[in-house]
Structures are given as C-alpha cells and as structure tokens.
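Quick note, the sequences are listed as chains Y and W, same order.
Quick note, in this note's numbering, the first sequence goes up one by one and the last residue is 1047.
Quick note, in this note's numbering, the second sequence goes up one by one and the last residue is 115.
Inspection log for the structure reproduced underneath, given as structure tokens.
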Amino acid sequence: DSGVTQTPKHLITATGQRVTLRCSPRSGDLSVYWYQQSLDQGLQFLIQYYNGEERAKGNILERFSAQQFPDLHSELNLSSLELGDSALYFCASSVAHITDTQYFGPGTRLTVL
Amino acid sequence: KNEVEQSPQNLTAQEGEFITINCSYSVGISALHWLQQHPGGGIVSLFMLSSGKKKHGRLIATINIQEKHSSLHITASHPRDSAVYICAVRLNNDMRFGAGTRLTVKP
Chain Y
935 DSGVTQTPKH LITATGQRVT LRCSPRSGDL SVYWYQQSLD QGLQFLIQYY NGEERAKGNI
995 LERFSAQQFP DLHSELNLSS LELGDSALYF CASSVAHITD TQYFGPGTRL TVL
Chain W
9 KNEVEQSPQN LTAQEGEFIT INCSYSVGIS ALHWLQQHPG GGIVSLFMLS SGKKKHGRLI
69 ATINIQEKHS SLHITASHPR DSAVYICAVR LNNDMRFGAG TRLTVKP
C-alpha cells in the first residue's frame, strides 16, 4: 500500500459527459501528479501540482483540468468525454520536487461508452 | 522515433537467471525513473537516477548520461518479478515514458 488513495476505482460513462477523479496523497507529500495510461499510447504525464499551485504541465488536453485543494487532495476533471479517453488514470504523490520518488495510487479505470 | 526506447519488449526467463532491461533516450534529461507495473495494474517506483548506479536488494539500475542509456538488472530472478518494467525520463517539467518491457519469470 503506497498510502495514495484514488476514487473511484472504476467509472463507466457515456461520450460527452463530465467526470471527476479524486486523489489523496500520502501524508506529508506536497506534490501530486496525474498520469493517463491507455492501450495505444502507454503512460503519459498530464499535470503536477505542488502545495496548491500548478507546477508542471505535460500532455493534458484542454478538455481536462485539475486542481489541488488546501488539504492537498487533488481532483482531475475530464469533460466532453470521447471514446479515446478510456484509460487508467493514475495519481502519484511525492514529498516536494519532481525529482523525488513518486508513490502511485491504484488508479481509476475510466470506460467511455 | 520515440524519445524513450526500451528493449526487449518481451522477455521470458527461468527462475534464477540474470535479467537485463535496457532504456535509451534521445533527449537531455534531468533524471530517469524505473517503474514496475504489476499484473493487477499497480505501479511502484523502483529507482530514480541522475548518474551512476543504485542497488536495492536484487535490483540494480545504472545510467550513462553521455551515452543516453540506462539498464535495469535483476539478479537471481524469481516468478514474483514477473511484471512490466517501464523507463521514464524527466525533461525539466515534463516526463516521457518508454513502452515497457514485459518480463515473465518461469519457475
């Protein structure tokens, strides 16, 4: 158990809908990272938050947004969902910096029908 | 061409064998990570390297910055090492991943 929790574990929704994925980092970790893992594109880095502020941005679509709240939990919002958004979404946390060891949550499997 | 290339894609070994997985990258990096993804999907960070060599138990990771190459070695492999091993490189504030190496260790 990494100490990082993600909810829900599974999510099934329809095209055009909006969903929110939630992540709680390990106690004491200030950074949260979001990743997408799809069958055709593998793992991709989406975005990093550090202590409530956006710190780094990867391959995140404009339809996706994230935020980190004062209690350090983070949410990833996915809107206008398309079939191709079906993937595993992982959250990870680290103490502070992007070069620190990251601890991964169990992932949320999103299926868009 | 992908920025991060791993080889081999698939690897089958007998228990006890020495395993090497390779990662080559084509861009300047600030760090390289080796990740392990279990059959159930969970991901564990094994190593973060910016130079030299690190060892943890039966796992050894090396990096050669000049040659843009890293290797992950597993000594005395065991069926529980069966997983996908993923190389990831950090570019300033971005991260790129290899496609992974699927390792199967047979008893």
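Virtual Cβ for every residue (Gly too), placed ideally from N, Cα, C.
Can you tell me which of the three DSSP states residue i falls into?
| i | result |
| --- | --- |
| L40/W | strand |
| G1018/Y | helix |
| R989/Y | strand |
| D102/W | strand |
| R110/W | strand |
In this structure, what does DSSP give as the bridge partners for residue i?
| i | result |
| --- | --- |
| F55/W | W42/W |
| E1009/Y | R956/Y and Q1001/Y |
| H944/Y | R1043/Y |
| G116/W | Nothing can be reported for residue 116/W: it is not among the residues displayed for chain W, which extend from 9 to 115. |
Let me make sure I understand the geometry here. Which of the options has the alpha-carbon closest to that of residue i?
| i | options | result |
| --- | --- | --- |
| S965/Y | E996/Y, T1045/Y, H1031/Y and R1043/Y | H1031/Y |
| I981/Y | Q975/Y, P959/Y, Y969/Y and L973/Y | Y969/Y |
| K76/W | V52/W, H46/W, A96/W and S53/W | A96/W |
| G950/Y | G1039/Y, L1022/Y, Q1036/Y and L1017/Y | L1017/Y |
| D1034/Y | T939/Y, D963/Y and V1046/Y | D963/Y |
| E987/Y | F979/Y, L977/Y and H1007/Y | H1007/Y |
| L57/W | G50/W, C31/W and G49/W | C31/W |
| Y967/Y | T954/Y, A948/Y, S1013/Y and G992/Y | G992/Y |
| H41/W | P115/W, V113/W, L111/W and G106/W | G106/W |
| T112/W | H86/W, I51/W, D102/W and N100/W | H86/W |
| L995/Y | N985/Y, D1005/Y and D1019/Y | D1019/Y |
Validate contact between the stretch 937-946 of chain Y and the stretch 971-978 of chain Y using beta carbons, cut 8 Å, 3 pairs: No, they do not touch.
contact_flag[the stretch 78-98 of chain W, the stretch 43-54 of chain W] where n(CB pairs < 8 Å) is 3 or more: Contact between the stretch 78-98 of chain W and the stretch 43-54 of chain W is established, with three or more Cβ pairs separated by less than 8 Å.
Positions along the stretch 79-112 of chain W whose CB lies within less than 9 Å of some CB in chain Y: From the stretch 79-112 of chain W, only I94, A96, R98, N100, N101, D102, M103, R104, F105, G106, A107 and G108 have a Cβ closer than 9 Å to chain Y.
Sufficient close CB pairs (3 or more, under 8 Å) joining the stretch 1038-1047 of chain Y to the stretch 65-83 of chain W: No: fewer than three Cβ pairs fall under 8 Å.
Residues, ordered as in the chain, of the stretch 1007-1022 of chain Y that lie near chain W by beta-carbon distance below 8 Å: Within the stretch 1007-1022 of chain Y, the qualifying residues are L1022.
Positions along the stretch 53-64 of chain W whose CB lies within less than 7 Å of some CB in chain Y: So the close ones are S53 and M56.
Chain-ordered residues of the stretch 28-54 of chain W with a beta carbon less than 9 Å from chain Y: For the stretch 28-54 of chain W, the set of positions with a beta-carbon nearer than 9 Å to some beta-carbon of chain Y reads S38, A39, H41, L43, Q45, G48, G49, G50, I51, V52 and S53 in chain order.
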